[in-house]
Amino acid sequence: MLKLTSIISGGQTGADRGGLDAAIHLGLIFGGACPEGRRAEDGAIPEKYNTLTALPGSSYEPRTRKNVRDADATIIFNLGKSISGGSHLTRKCAETEGRPCLVVRICRIETGYEEFVEPVAQWLMAVNPAVLNVAGNRESIAPGVQEYVAKLLVGSIARARVMEAMPIESRPATLSTTIDGKGFSAQRGASKPVQMGLF
Numbered sequence: 000m001l002k003l004t005s006i007i008s009g010g011q012t013g014a015d016r017g018g019l020d021a022a023i024h025l026g027l028i029f030g031g032a033c034p035e036g037r038r039a040e041d042g043a044i045p046e047k048y049n050t051l052t053a054l055p056g057s058s059y060e061p062r063t064r065k066n067v068r069d070a071d072a073t074i075i076f077n078l079g080k081s082i083s084g085g086s087h088l089t090r091k092c093a094e095t096e097g098r099p100c101l102v103v104r105i106c107r108i109e110t111g112y113e114e115f116v117e118p119v120a121q122w123l124m125a126v127n128p129a130v131l132n133v134a135g136n137r138e139s140i141a142p143g144v145q146e147y148v149a150k151l152l153v154g155s156i157a158r159a160r161v162m163e164a165m166p167i168e169s170r171p172a173t174l175s176t177t178i179d180g181k182g183f184s185a186q187r188g189a190s191k192p193v194q195m196g197l198f
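Take the sequence shown: its position 108, counted from the start at 1, is 107 in numbering that gives the first Met the number 0, and no numbers get skipped.
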């Protein structure tokens, strides 16, 4: 049985808020730790995400470490093959804490999130966290990533719930630590339009 009840993040623009939006959409508990003053790149984290707990100090590092520790697993969304500094720290913290961590490397936001729904669902089924930490690129680095992540997580969690009904021997499962978008290895074709506005 899928145990997921909560999604947490640091509340930064982009992937962090995409995770929280997915939780809100699905009716899950949402929260996490953030810097003092609810600091984010666009000012204070919006009151929409009022369940986040502010830690003393303006540094992002303490909340990164706490969110990894407080979660059963972490998923990181990164545009391109080179992982950002904050995401690198998140992954290192997960390794140190012995927590499962999946890095989803997105080739282009414009090609859509659908290719990742199945593998992320498989990972969720294999790891089966009660609390999932979501991290990754800021919106300024990867415009559109907030909604991309929200839609991907909603789709993957829904798919994982469908998998629950399958006989155990029929369930696909993976403990991969990185999933690459097809555009990294395949010849690029025309971009597929992405329907926006669900969140």
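For glycine and all other residues, C-beta sits at the position ideal for the given N, C-alpha and C.
Contact annotation, Arg98 with Ala125: C-beta distance approximately 14 Å; criterion of less than 8 Å not satisfied. Around the beta carbon of Gly42, fewer than 16 other beta carbons sit within 10 angstroms, so the residue counts as exposed. Judged by beta-carbon spacing, Gln121 lies beyond the 9 Å limit of Ala14, meaning their Cβ atoms are not closer than that value. The beta-bridge partner set that DSSP reports for Phe76 consists of Val103 and Gly135. When rounded, the separation of the alpha-carbon atoms in Pro34 and Gly180 is 32 Å. DSSP places Ala93 within a helical segment (H, G or I) once states are collapsed to three.
In the structure shown, Leu54 falls within a coil segment according to DSSP collapsed to helix, strand and coil.
A direct Cα-Cα distance of roughly 7 Å separates Gly18 from Leu152. Residues of the same chain with a CB within less than 6 Å of the CB of Tyr147, apart from the 5 flanking positions on each side, are Ile108 and Tyr112 in chain order. Excluding its 5 nearest sequence neighbours in each direction, Arg160 has C-beta neighbours in its own chain below 7 Å: Leu1, listed in chain order. Residue environment: Lys150 is assigned as buried (16 or more neighbouring CB atoms within 10 Å of its CB, all protein chains considered). Assignment of Asp15 by DSSP, reduced to helix, strand and coil, places it in the helix class. Judged by pairs of C-beta atoms under 8 Å, the stretch 39-53 does not touch the stretch 76-96, as fewer than three such pairs exist. CA-CA distance, Lys91 to Ala164, rounds to 35 Å. Apart from sequence neighbours up to five positions away, the residues of its chain that approach Arg137 with a beta-carbon distance below 7 Å are Gln11, Thr12, Gly13 and Glu40, ordered along the chain.
Taking the C-beta atoms as reference points, Asn49 is found no nearer than 9 Å to Gly9. According to the DSSP assignment, Ser5 belongs to the beta strand (DSSP E) that extends over Ser5 to Ile7.
Partner residues in a beta bridge of Val126, as assigned by DSSP, do not exist. Rounded to whole angstroms, the separation of the alpha carbons of Ala32 and Glu60 is 10 Å. Separation of the CB atoms of Ile7 and Gly30 is rounded to 5 Å, and the pair is thereby assigned contact status at 8 Å.
Under the DSSP definition of a beta bridge, Thr63 lacks any partner.
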